[in-house]
Ligand code: NAD
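Residue numbers (the numbering used here): 20 to 510.
In structure tokens:
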């Protein structure tokens, strides 16, 4: 485990020498001390990133040259896949197979953006047809500059990949700050970048708290673009701070995503996708389908099967074989989710199953997977993100009501619909006010497809070619080709 910051291609102690505890959420044991970066370290990191961008020529490299480094990082991740997945479990608590999947996805993300970097070479400019034949014009894409990336703890390495890979592919340099709860694999990414011979200053990793290191990144005048994934309140603060310097921003924030199940759906498949939509990663997923709407005719049968299967989920240390639900990431998160369940009860909801600490667990931030029925439509449980393994379920009568209930949210990250009627599924998908829509499933995420939210769930899109655009500016170059004088002032 790394104990220093990765800045300008070097491993360095934080200027102020601070560190903070890394706690294993399964055992509550302190397993490491991570370096606590401050504004001083961020300043050094941003200056290194500036030099790498402004002087050392990272943006001037061809896409193919940058792709060589990206592919080497992908390979480095794959070579250490088991070790990285294990670190992810120790740091975040998720079951090992999930962590293994995340790490493979992170490697795939670097490969994918290597491909897009190469494609930048194939299409360096786009000719533009003008209405005046005396001029020609073309549009070119150029990297924005230095990116500051701030990421959450729910997919530590994968969230780093979602930002670092497209930024580097575009020709940006970057300062990355992982969440203070999960710094381990982000720091390992520094070691992998070093092995991949990434030039100094292109990727800098500063661990530390949001209010100190994170704040220093968003405040820094040397940062041209902020890429953030996390909570709404911090996203709002970033947007306000960025407005001062007109920094480019992309925000991936929270959600309270609906899952609409029609009567013609297969109940067994619906139950499995509902569970995958809310219990995967302990429900700590921004796109978790935490509001389930089931058509009246199958509501009772589906609820019965959902409770049966939810009770069967094996809970435990993510490193143990066969575990499907690990602990929540931290004591604070655990307490917040328990408090949300208690508040839901007070508001009138019924705990159909779960809702408490599982028996036999003295240590660790474990919580039984929870199904809530009858949460009032104006309650926090129905409207606000809980970010834990807690699903609210309600019946609906017809399609119009389902769409109205589904869209009645200030969020618009994701939505899912399940029906054997393809025409209806497409109609409902079109009616959802959300950036990500799943038909007959919930959560599968592909590097190739755009990711991001409507409404208060964010601004901009990650992944796919849209993720590359996040780090690119568009420049028009227009040429006067006529030999005739312009003739405005001088006739
Ligand atoms: P958070 O907003 O508290 O923290 C996210 C990151 O921001 C961390 O690195 C943190 O250190 C940093 N931060 C905190 N205060 C800051 C400040 N003042 N200035 C700069 N940086 C600051 O959120 P979290 O607790 O890490 O994650 C949970 C939230 O993230 C949930 O609400 C979830 O919906 C959201 N999330 C969204 C997505 C998405 O793709 N849309 C993905 C994961 C998580």
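Note that CB positions come from ideal geometry on N, CA and C, so glycine has one too.
Review point. Hey, would you say the C-beta of residue 173 is under 8 angstroms away from at least one heavy atom of ligand 1?
Key: For the purposes of this step, residue 173 is taken as residue 154 along the chain shown, with counting starting at 1. Residue 173: yes, Cβ under 8 angstroms from ligand 1.
* Asked: Three-state secondary structure (DSSP) at residue 223?
  -> Translated into positions along the chain shown, residue 223 becomes position 204. It is a strand residue.
> Do the CB positions of residue 467 and residue 131 come within less than 9 angstroms of each other?
Replying inline: Reading the chain shown from its first residue, position 448 is the one you call residue 467. Reading the chain shown from its first residue, position 112 is the one you call residue 131. Going by C-beta atoms, residue 467 is nearer than 9 angstroms to residue 131.
Notebook entry, point to check: Would you call the region 369-376 and the region 66-75 in contact, with 3 or more CB pairs under 8 angstroms?
Noted result: no
Check: In or out: residue 154 buried (at least 16 other Cβ within 10 Å) or exposed?
Finding: Residue numbering aside, residue 154 sits at position 135 when the chain shown is read from its first letter. Classification of residue 154: exposed, given that the 10 Å Cβ count is below 16.
- Proximity test, residue 266 beta-carbon vs ligand 1 heavy atom, cut-off 8 angstroms: Position 247 of the chain shown holds residue 266. No, Cβ of residue 266 sits at least 8 angstroms from all heavy atoms of ligand 1.
| said: Let me check understanding here. Comparing Cα to Cα, which of 203, 152, 327 and 89 lies closest to residue 499? | reply: By one-based count along the chain shown, residue 499 stands at place 480. When only C-alpha atoms are compared, the closest one is 152.
* Exposed or buried, what is residue 465 when buried is set at 16 or more other beta-carbons lying within 10 Å of its beta-carbon? -> Counted from its first residue, the chain shown places residue 465 at position 446. Answer is exposed; the Cβ neighbour count stays below 16.
So, using beta-carbon positions, are residue 214 and residue 95 closer together than 9 angstroms?
-> Counting from one through the chain shown, the residue named residue 214 turns up at place 195. Counting from one through the chain shown, the residue named residue 95 turns up at place 76. In contact: residue 214 and residue 95 (Cβ atoms closer than 9 angstroms).
**Study point:** Helix, strand or coil at residue 475 according to DSSP, with G and I counted as helix
**Key:** Position 456 of the chain shown, counting from 1, holds the residue named residue 475. Residue 475 falls in the coil class under three-state DSSP.
ask   = Do the CB positions of residue 332 and residue 343 come within less than 9 angstroms of each other?
value = Against the chain shown, residue 332 aligns to sequence position 313. Against the chain shown, residue 343 aligns to sequence position 324. In contact: residue 332 and residue 343 (Cβ atoms closer than 9 angstroms).
Worksheet item: Buried or exposed: which applies to residue 197, given that a residue is buried once 16 or more other Cβ atoms fall within 10 Å of its Cβ?
Response: If you number the chain shown from 1, residue 197 lands on position 178. When all chains shown are included, residue 197 counts as buried.
- Item | alpha helix (DSSP H) segment containing residue 384, residue limits | Locating residue 384 in the chain shown gives position 365, counting from the first residue. Unbroken run through residue 384: none, as it is neither H nor E.
Inset, instruction - Go to residue 262, then tell me how far its beta strand (DSSP E) extends in each direction, as first and last residue. - result: Taking the chain shown and counting its residues from 1, one reaches residue 262 at position 243. Note, residue 262: premise wrong, no beta strand (DSSP E); alpha helix (DSSP H) at 251-264.
Practice prompt. Classify residue 307 as buried or exposed, calling it buried when 16 or more other Cβ atoms lie within 10 Å of its own Cβ.
Written response: As a position in the chain shown, residue 307 is number 288, starting the count at 1. By the 10 Å Cβ count, residue 307 comes out buried.
Using C-beta distances below 7 angstroms, list every residue in its chain close to residue 31, excluding the 5 sequence neighbours before and after it, in chain order. For the purposes of this step, residue 31 is taken as residue 12 along the chain shown, with counting starting at 1. Taken in chain order, the residues that qualify are 23 and 24.
- Could you check where the alpha helix (DSSP H) with residue 330 kicks off and where it finishes? Position 311 of the chain shown holds residue 330. Taken as a continuous stretch (DSSP letters only), the alpha helix (DSSP H) holding residue 330 covers 315-330.
* Hey, out of 412, 97 and 476, whose CA is closest to residue 511's CA? -> Only positions 20 to 510 of the chain appear in the structure, and residue 511 is not among them; the question remains open.
Which stretch, first to last residue, makes up the alpha helix (DSSP H) that contains residue 109?
Locating residue 109 in the chain shown gives position 90, counting from the first residue. Looking at the DSSP string, the run of the alpha helix (DSSP H) that includes residue 109 is 100-111.
**Message:** Would residue 175 and residue 110 qualify as a contact pair, given that the criterion is a beta-carbon distance under 9 angstroms?
**Reply:** Here residue 175 refers to the residue found at position 156 of the chain shown. Here residue 110 refers to the residue found at position 91 of the chain shown. For residue 175 and residue 110, yes; Cβs fall inside 9 angstroms.
What does the alpha-carbon distance come out to for the pair residue 317 and residue 283? Translated into positions along the chain shown, residue 317 becomes position 298. Translated into positions along the chain shown, residue 283 becomes position 264. Those two C-alpha atoms are separated by around 9 angstroms.
**Asked** With DSSP run on the structure shown, which of helix, strand or coil describes residue 203?
**Response** Here the question's residue 203 lines up with position 184 in the chain shown. Correct three-state label for residue 203: helix.
Evaluate contact between the region 112-121 and the region 221-239, counting only Cβ atoms and requiring at least three cross-stretch pairs below 8 angstroms. no
| Beta-carbon proximity of residue 391 to residue 425, cut-off 9 angstroms | Residue 391 sits at position 372 when you count from the first residue of the chain shown. Residue 425 sits at position 406 when you count from the first residue of the chain shown. It is not a contact, given that the beta carbons lie outside the stated cut-off.
Leaving out the 5 sequence neighbours to the left and right, which residues in its chain are closer than 7 angstroms to residue 251 when beta-carbon positions are compared?
Start at 1 with the first residue of the chain shown, and residue 251 comes out as number 232. Within the same chain, residue 251 has close Cβ partners 272, 273 and 475.
- Which partner residues does residue 167 have in the DSSP bridge list? For the purposes of this step, residue 167 is identified with residue 148 of the chain shown, where counting begins at 1. DSSP output for residue 167 lists 194 and 245 as bridge partner(s).
request  = Verify whether the separation of the beta carbon atoms of residue 3 and residue 434 is less than 9 angstroms.
outcome  = Residue 3 is absent from the model: the chain starts at 20 and stops at 510.
Could you have a look at residue 353 and say whether DSSP puts it in helix, strand or coil? For the purposes of this step, residue 353 is taken as the residue at position 334 of the chain shown. Helix, per DSSP.
Practice prompt. Taking residue 372 as part of the beta strand (DSSP E), name the residues at either end of that continuous run.
Written response: Here residue 372 is taken as the residue at index 353 of the chain shown, counted from 1. Counting along the chain, the beta strand (DSSP E) containing residue 372 begins and ends at 369-372.
* Proximity to residue 107 [Cα-Cα], best of 34, 266 and 338 -> For this step, residue 107 is matched to residue 88 along the chain shown. For the residues 34, 266 and 338, the minimum Cα distance to residue 107 belongs to 338.
(request) Please confirm whether residue 232 and residue 187 have their CB atoms less than 9 angstroms apart. (result) Looking up residue 232 in the chain shown gives position 213. Looking up residue 187 in the chain shown gives position 168. No. Outside cutoff.
Next item on the list: State whether the region 308-327 contacts the region 482-497, with contact taken as three or more CB pairs (one from each stretch) at a distance under 8 angstroms.
Entry: no
task: Find the nearest neighbour of residue 444 within the set 506, 451, 458 and 454, judged by alpha-carbon distance.
output: Translated into the one-based positions of the chain shown, residue 444 becomes position 425. Comparing Cα positions, the closest option is 458.
Neighbourhood of residue 394 by C-beta distance below 8 angstroms, restricted to the same chain and skipping five residues each side: Position 375 of the chain shown, counted from the start, is the residue given in the question as residue 394. Hits under 8 angstroms: 363, 366, 367, 368, 400, 401, 411 and 413.
* Verify whether the separation of the beta carbon atoms of residue 437 and residue 299 is less than 9 angstroms. => The count along the chain shown starts at 1 and reaches residue 437 at position 418. The count along the chain shown starts at 1 and reaches residue 299 at position 280. Not closer than 9 angstroms, so no.
Coarse secondary structure for residue 117, derived from DSSP in three states
In the chain shown, counting from the first residue as 1, residue 117 sits at position 98. Residue 117: helix per DSSP, three-state reduction.
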